[in-house]
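>
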Amino acid sequence: MDRVVILDGYTDEPAGLGVPPYLDVYARYVAGAVWSVDNSIDIRYFTIDQARSSWSEFVKVANEARLLVVIAGIVTPGKYLGGEPIKLEEIERIATLVSSPIKVLGGPVARFGYGIAGGTIAVPRSHFRRYYDLIVTGDLDLVIHELIRSNYQVSKVSPAMTHSDYRLINEFAVIGARIIQQHPNYGRNLIIELETYKSCPRYITGGCSFCATVRYGPVKYREVEAIVREVEALYGLGARHFRLGRQADFYTYMAHDTGKLDFPRPNPSAIERLLVGIRSVAPDLETLHIDNVNPGTIYHWPRESIEVTKVLMKYHTPGDVAAMGLETADPRVVKLNNLKVMPEEAYFAIKTISELGRVRGWNGLPEFLPGINFVVGLPGETRETFRLNIEFLKRLLSDDVWVRRVNIRQVLVLQPTPLWNMADDVRQLLRKHRKYFLAFKYWVRRHFDHEMLKRVMPKGMVIKRAFTEAHYGDGTYARQVGSYPILIYVPARVELGKWMDFVVVEHGFRSVIGIPYPLNVNEASKKLLKYVPGITEVAINEIMSRKPIKDINELRGVLSEDVIKYLTT
Numbered sequence: 029m030d031r032v033v034i035l036d037g038y039t040d041e042p043a044g045l046g047v048p049p050y051l052d053v054y055a056r057y058v059a060g061a062v063w064s065v066d067n068s069i070d071i072r073y074f075t076i077d078q079a080r081s082s083w084s085e086f087v088k089v090a091n092e093a094r095l096l097v098v099i100a101g102i103v104t105p106g107k108y109l110g111g112e113p114i115k116l117e118e119i120e121r122i123a124t125l126v127s128s129p130i131k132v133l134g135g136p137v138a139r140f141g142y143g144i145a146g147g148t149i150a151v152p153r154s155h156f157r158r159y160y161d162l163i164v165t166g167d168l169d170l171v172i173h174e175l176i177r178s179n180y181q182v183s184k185v186s187p188a189m190t191h192s193d194y195r196l197i198n199e200f201a202v203i204g205a206r207i208i209q210q211h212p213n214y215g216r217n218l219i220i221e222l223e224t225y226k227s228c229p230r231y232i233t234g235g236c237s238f239c240a241t242v243r244y245g246p247v248k249y250r251e252v253e254a255i256v257r258e259v260e261a262l263y264g265l266g267a268r269h270f271r272l273g274r275q276a277d278f279y280t281y282m283a284h285d286t287g288k289l290d291f292p293r294p295n296p297s298a299i300e301r302l303l304v305g306i307r308s309v310a311p312d313l314e315t316l317h318i319d320n321v322n323p324g325t326i327y328h329w330p331r332e333s334i335e336v337t338k339v340l341m342k343y344h345t346p347g348d349v350a351a352m353g354l355e356t357a358d359p360r361v362v363k364l365n366n367l368k369v370m371p372e373e374a375y376f377a378i379k380t381i382s383e384l385g386r387v388r389g390w391n392g393l394p395e396f397l398p399g400i401n402f403v404v405g406l407p408g409e410t411r412e413t414f415r416l417n418i419e420f421l422k423r424l425l426s427d428d429v430w431v432r433r434v435n436i437r438q439v440l441v442l443q444p445t446p447l448w449n450m451a452d453d454v455r456q457l458l459r460k461h462r463k464y465f466l467a468f469k470y471w472v473r474r475h476f477d478h479e480m481l482k483r484v485m486p487k488g489m490v491i492k493r494a495f496t497e498a499h500y501g502d503g504t505y506a507r508q509v510g511s512y513p514i515l516i517y518v519p520a521r522v523e524l525g526k527w528m529d530f531v532v533v534e535h536g537f538r539s540v541i542g543i544p545y546p547l548n549v550n551e552a553s554k555k556l557l558k559y560v561p562g563i564t565e566v567a568i569n570e571i572m573s574r575k576p577i578k579d580i581n582e583l584r585g586v587l588s589e590d591v592i593k594y595l596t597t
């Protein structure tokens, strides 16, 4: 029996996330491509973190395979709690240690090069030719499909081949769904990234100067029925958390006049059919979120965008985020880089979503809030750019426009983008403006994020169904599952892998401190009791002296109702 090993080094793109607990499409499509040719092939899936935990075991299994597929590519670098993306030297070392099988490198790293971090120039994809038999600059799943069909003859396969439509992808997606059972987060907090379309509608005018998404070519939409069939297969295998994240702008799924207009008109009925279809085949799903909304779409088509927002809020789950690429509040930078919106247009879009989505859902969070992305280091940027960015955010605060999060990153220059030919100039600009970047980031974290977090997640708010992920010192990190979940720091070591409710007791810059809700007074330490909202030192001492307490009513003479509501026995 042939064996294929898939090593998931994780991916993070403008339209797609594959760092745990997220599982992106690449491994699922590749598995489906293999099994569509020969269902008896033994596929072994490893994350890079699993491989790191036992290199010798991974190398042994991989060397017994006919084919090794390495998936990698961080296009939009961030900080990750759930896993550490593959390093450049690991991509090289794996190819050296694993000598027996055919070695294929795919994902964004093979299309756009290796992004070390924001503010750097990517390592070109040609760098990896000495290490791998195929560097797939086309569609990885299609190349693997043809490689298996040709009986593993590398010379018979073009690494640049791409799908002309979604026919095969739709087949691969269903067949490959069962690979999720090998993911370390399966049965826990695994969230599945779903694809609705390729590329970006702004392809017709070239898109943003720094963006790799438009380099996928003309927009190709995936039919509603195909997405629903994939969800049905995944749901049948136990998946309960989904994100419609693989698209440049969710609001332009099946949009009218795509390919003719830079901002095609939204199609609310198609989006409703998609969401209704998903709900019908996954009735007890726990998470249904989206990612990516072009603020320009909302500005140019406000009526249709409001309709889409209302439809989404009817069928999704609360805590959803519309990540919007503002990139800059400097009109000059917008023009020079062919960006999406002017500042006033962006403000309109952000305010529109905030006003509609700030109502709270069952899990404690606002139903649907905007997120903002800033990119630093774009041509035309000056010191004035950073002042304009701050003024834009100050206006949001003063107008009480809620924002879920602000991402700030230095531009990563990728090989097929217009900035690639300006790499030296961009590098020089990044170096020159580094102090402004750091000052801007400091201001946002200390003055904007902290204040916004207090509004969005006020003290005393209960966050429901958070998953305890990792211990940190004497505490624990927990998060809900979804788009840009808030990090909860629990000042106690609680059992990992549990779903728990927490009450917000303090605010950091980008995280909150939370304690279990309700808090068991018999199990809680004196340190933890001090975090209970409204509790006094006298009351804490009384609780400690009375333990064990059989009934919470015993404390009614000691504690007010406002405090007792957070406690249990």
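Residue numbers (our numbering): 29 to 597.
All C-beta atoms in this analysis are idealised placements derived from N, C-alpha and C, irrespective of residue type, glycine included.
Computed from a prediction, not measured in an experiment: that's the story for all the values here.
(1) Thinking E199 and G60 are a contact (beta carbons under 8 Å), I'd like their distance in whole angstroms, please.
(2) With distances taken between CB atoms, is the gap from G501 to P519 smaller than 7 Å?
(3) Let me know the secondary structure DSSP gives Y231 once reduced to three states.
(4) Looking at P48 and G143, is the spacing between their C-beta atoms short of 7 Å?
(5) Can you list, in chain order, the residues of its chain whose CB lies under 7 Å from that of P22, leaving out five sequence neighbours each side?
(6) Use the C-beta contact count for E409: other C-beta atoms within 10 angstroms, 16 or more gives buried, fewer gives exposed.
(7) Verify whether the separation of the beta carbon atoms of I130 and G37 is less than 7 Å.
(8) Who does E534 pair with in a DSSP beta bridge?
(9) What is the DSSP secondary structure of W471, reduced to helix, strand or coil?
(10) Could you compute how far the alpha carbon of E584 sits from the alpha carbon of I102?
(11) Distance check for L265 and R206, CA to CA, integer angstroms please.
(12) Tell me whether A506 sits in a helix, a strand or coil according to DSSP, three-state version.
(13) Between which two residues does the beta strand (DSSP E) carrying V434 extend?
(14) Find out if the Cβ-Cβ distance for the pair M352, P398 is shorter than 7 Å.
(15) Could you round the C-beta distance between I172 and W63 to whole angstroms and report it? I think they count as a contact, below 8 Å.
(16) Tell whether a beta-carbon distance below 7 Å holds between V349 and R432.
(17) Among the candidates V32, H499, K526, R473, whose CA atom is the shortest distance from the CA of K492?
(18) Would you mind sorting R459 into buried or exposed? The rule is 16 or more other CB atoms within 10 Å of its CB.
(19) I'd like the span of the beta strand (DSSP E) that includes D36, first residue to last.
(20) Express the C-alpha separation of E120 and F156 in angstroms, rounding to a whole number.
(21) Where G245 and L384 are concerned, what is the direct C-alpha to C-alpha distance, given to the nearest angstrom?
(22) Assuming the contact rule is C-beta atoms closer than 8 Å, N366 and T233 should be a hit. Round their C-beta distance to whole Å, please.
(23) In whole angstroms, what separates the C-alpha of V256 from that of A567?
(24) Going by beta carbon distance, what residues of the same chain come within less than 7 Å of T413, once the five residues before and after it are set aside?
(25) Please name the residue, chosen from Y108, V404, E314, H535, that lies closest to I220 on a Cα-to-Cα basis.
(26) Could you name the residues of the same chain whose beta carbon sits closer than 6 Å to that of N548, not counting the 5 residues immediately before and after it, in chain order?
(27) If you measure between the beta carbons of L133 and Y160, is that distance less than 7 Å?
(28) To the nearest whole angstrom, what separates the beta carbons of I516 and V533, a pair I think is in contact under 8 Å?
(29) If you follow the alpha helix (DSSP H) that H328 is part of, which residue opens it and which one closes it?
(30) Assuming R56 contacts A201 (C-beta within less than 8 Å), just tell me the rounded distance between them.
(31) My parser needs the beta strand (DSSP E) runs of 3 or more residues fully inside the segment 189-251; what are they?
(32) Rounded to the nearest angstrom, what separates G324 and I114 at their Cα positions?
(33) Helix, strand or coil for N91, going by three-state DSSP, please let me know.
(34) When DSSP labels each residue in this structure, what does I571 get in the three-state scheme?
(35) When DSSP labels each residue in this structure, what does I491 get in the three-state scheme?
(36) According to the neighbour-count rule (16 or more other Cβ atoms, all chains shown, within 10 Å of its Cβ), is V330 buried or exposed?
In short:
(1) 7 Å
(2) no
(3) helix
(4) no
(5) No statement about residue 22 is possible, as the shown extent of the chain runs from 29 to 597 and does not include it.
(6) buried
(7) no
(8) I541
(9) helix
(10) The residue asked about is misnamed: residue 584 is Arg in this sequence, not Glu. If I take the Cα positions, the gap works out to 54 Å.
(11) 7 Å
(12) strand
(13) 433-438
(14) yes
(15) Not really, about 11 Å apart at Cβ, beyond 8 Å.
(16) yes
(17) K526
(18) exposed
(19) 31-41
(20) 8 Å
(21) 33 Å
(22) 7 Å
(23) 54 Å
(24) T356, D358, V361
(25) E314
(26) T596
(27) yes
(28) Not really, about 10 Å apart at Cβ, beyond 8 Å.
(29) 323-328
(30) 6 Å
(31) 219-223
(32) 34 Å
(33) helix
(34) helix
(35) strand
(36) Residue identity check: residue 330 is Pro in the sequence provided, not Val. Exposed is the call here.
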